[in-house]
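Below: one structure, written as structure tokens.
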Amino acid sequence: MRMVDIIINKRNGKELTEEEIQFFIEGYTNETIPDYQASSLLMAIYFKGMSEQETAALTKAMVESGDTIDLSPIKGHKVDKHSTGGVGDKTTFIVGPLVASVGVPVAKMSGRGLGHTGGTLDKLESIEGFKIEMTKEQFIKNVNENKLAVAGQTGNLAPADKKLYSLRDVTGTVDSIPLIAGSIMSKKLASGADSIVLDVKTGTGAFMKTLSESEALAKAMVTIGNNLGRNTVAVISDMNQPLGYEVGNANEVKEAVEVLQGKKVNDLRSLSLELASHMTVLAEVFETYEQAYHTLEENLENGKAFEAFRRFVQAQGGNINMIDDLFMLPSSKYHLEVKAEQDGYVTGIDAESIGVAAMYLGAGRSTKDDQINHGVGITLKKKIGDQVKNGETLVILHSDQESTSDSTQKVLDAYKIESTNKGENKLIYKVIK
Ligand code: URA
33 MRMVDIIINK RNGKELTEEE IQFFIEGYTN ETIPDYQASS LLMAIYFKGM SEQETAALTK
93 AMVESGDTID LSPIKGHKVD KHSTGGVGDK TTFIVGPLVA SVGVPVAKMS GRGLGHTGGT
153 LDKLESIEGF KIEMTKEQFI KNVNENKLAV AGQTGNLAPA DKKLYSLRDV TGTVDSIPLI
213 AGSIMSKKLA SGADSIVLDV KTGTGAFMKT LSESEALAKA MVTIGNNLGR NTVAVISDMN
273 QPLGYEVGNA NEVKEAVEVL QGKKVNDLRS LSLELASHMT VLAEVFETYE QAYHTLEENL
333 ENGKAFEAFR RFVQAQGGNI NMIDDLFMLP SSKYHLEVKA EQDGYVTGID AESIGVAAMY
393 LGAGRSTKDD QINHGVGITL KKKIGDQVKN GETLVILHSD QESTSDSTQK VLDAYKIEST
453 NKGENKLIYK VIK
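Number 46 in our numbering belongs to position 14 of the sequence shown; there are no gaps in the numbering.
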């Protein structure tokens, strides 16, 4: 087989065979196929697309390019959740304990964030003593005992994806639906869960800005999962404003714990219940979504989900006093208000700009060696649909520096205030099965 023939086939719009795709992925991973040929094939895929079969074959080959996590020593039906990324997204801290509270195991591998705020691991490390590194045996023991553990990614998962993603980044081939879907799903499938729920964000703060793009991505990922033997459901949810009211690290943990303690933060609570309901139906604990939602909502009210979170934090070495008394979580020196400069109604909050403003405060990393400041972040005081008066507080910047002009400007740019109220945004647009 010759790589040049594979490139020509795709260029001419022919469907590639599983063997051709495997040849490409293996050759690119072991460096017998050079970057220039891989780039050329990626560009042909960008223009000609890939069929369902080709996309599944690509994903399978990327999974097989490295290690896969064997979760079989964990009892029960393992479910995982993946979000395509958004600002203020702390659903993992609510969904994990909720699902665990009905006995469904969640064995989660997470990453650190290179972006606006930290990743799941960074946020958890706001809790003093919390450890994300553990042996495989400890990880499995924790999941078996508490039904929930979150660990840093170990092993060499989908190395072909890592190499290809770097190449796509510099060859103008990132935004191809089959390539994105294959990339995300290869890492999820290598992590070993039996079923997967995807939270595909849509809107100004999302990777996919329009509903039709988000739907196409969601469908492609669900098809891959189902074709490769994992039950997969995707929820398309709004990212036209940050999720919840807190953006940062410690303050996101705080908001999640408040929801676990019964606070009604509408969008965050509803989305968490939605995702957890699909996960527990896939795990076959409930027959219907409605039954799942009802019981999970009860477990938020009666403290069972909160207890599951406490057990999880304790098992990973976290200082539980910080969870019981949220004022003990890291905080910042200054709390500075950004005020509205006109009367009206909030009709948009560019989530990405809020994320960047949080990063300027030190909540995220702009290079992978940057240190996260767990105590800084942003509290939104107004969300879409709220009325504001000139001079009223839009957000509070939690900062360790007195001067926050960059972040202030970013926040003011993010808020769209108009004279007529356009109402609240839809939260869940579609569920793809
Ligand atoms: N995230 C990924 O992991 N891969 C992509 O291709 C795009 C976003």
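For each residue, glycine too, the CB sits at the ideal point set by N, CA and C.
Local Cβ density within 10 Å of residue i, reported as buried at 16 or more and exposed below that
i: Asn405; result: buried
i: Thr320; result: exposed
i: Lys467; result: As shown, the chain starts at 33 and ends at 465. That puts residue 467 outside it, with no answer to give.
i: Tyr277; result: buried
i: Phe79; result: exposed
i: Thr452; result: exposed
i: Thr475; result: The displayed coordinates of the chain run from 33 to 465. Any statement about residue 475 would go beyond what the structure contains.
i: Ser437; result: exposed
i: Glu165; result: exposed
i: Glu384; result: buried
i: Pro362; result: buried
i: His367; result: exposed
i: Val313; result: buried
i: Arg34; result: exposed
i: Thr123; result: buried
i: His326; result: exposed
i: Thr23; result: As shown, the chain starts at 33 and ends at 465. That puts residue 23 outside it, with no answer to give.
i: Val175; result: buried
i: Asn44; result: exposed
i: Thr440; result: buried
i: Pro129; result: buried
i: Ser104; result: exposed
i: Pro137; result: buried
Near the ligand URA: residue i beta-carbon under 8 Å from a heavy atom
i: Val95; result: no
i: Arg200; result: yes
i: Asp112; result: no
i: Tyr277; result: no
i: Asp231; result: no
i: Lys465; result: no
i: Gly318; result: Rather than Gly, the amino acid found at residue 318 in this sequence is Phe. No; taking the cut-off as 8 Å, the Cβ of Phe318 has no heavy atom of the ligand URA nearer than that.
i: Lys241; result: no
i: Ser115; result: no
i: Asp193; result: yes
i: Val206; result: yes
i: Ser246; result: no
i: Lys219; result: yes
i: Ser227; result: no
i: Ile212; result: yes
i: Ser71; result: no
i: Ile268; result: no
i: Tyr197; result: yes
i: Ile77; result: no
i: Ile65; result: no
Whole-number beta carbon distance between residue j and residue i, since they are thought to touch under 8 Å
i: Ile416; j: Val378; result: 5 Å
i: Val265; j: Lys465; result: 5 Å
i: Gln403; j: Lys163; result: That belief does not hold up - the Cβ atoms of Gln403 and Lys163 are roughly 18 Å apart, past 8 Å.
i: Ile386; j: Pro274; result: 5 Å
i: Ile57; j: Ala93; result: 4 Å
i: Lys140; j: Asp270; result: Actually they do not touch by this definition, with Cβ atoms about 23 Å apart.
i: Ala324; j: Ser302; result: Not a contact, Cβ separation roughly 14 Å.
i: Glu407; j: Ser435; result: Contrary to the premise, residue 407 reads as Gly rather than Glu in this sequence. Contact flag wrong, Cβ pair sits at about 17 Å.
DSSP bridge partner residues for residue i (one or two, in chain order)
i: Asn263; result: Ser227
i: Met141; result: Ala183
i: Gly376; result: Val420
i: Glu450; result: Tyr377
i: Thr425; result: Lys371
i: Val111; result: Ser227
i: Thr255; result: In DSSP, Thr255 forms no bridge with anything.
i: Tyr366; result: Ser431
i: Leu189; result: Asp99
i: Lys269; result: Checking the displayed sequence, the identity of residue 269 turns out to be Ser instead of Lys. According to DSSP, Ser269 bridges with Lys233, Ile460.
Min CB distance residue i to chain D below 9 Å
i: Lys173; result: No chain D is part of this structure, which consists of one protein chain only.
The ligand SAM heavy atom lying under 8 Å from the CB of residue i
i: Ser215; result: Looking at this structure, you won't find the ligand SAM anywhere; what it does contain is the ligand URA.
Problem - contact_flag[the segment 329-338, the segment 229-248] where n(CB pairs < 8 Å) is 3 or more - result: no
Practice task
Determine, using beta-carbon pairs with one atom in the segment 251-265 and one in the segment 225-239, whether at least three such pairs fall under 8 Å.
Solution key: yes
Exercise for the section: Tell me, please, whether the segment 414-428 touches the segment 363-373 by the rule of three or more beta-carbon pairs shorter than 8 Å. Expected result: yes
Problem - Contact the segment 194-207 vs the segment 68-84: 3+ CB pairs below 8 Å - result: yes
Problem - the segment 201-213 in contact with the segment 343-354 per 3-pair CB rule at 8 Å - result: no
Practice task
Please determine if the segment 104-115 and the segment 216-228 are in contact, where contact requires at least 3 C-beta pairs separated by less than 8 Å.
Solution key: yes
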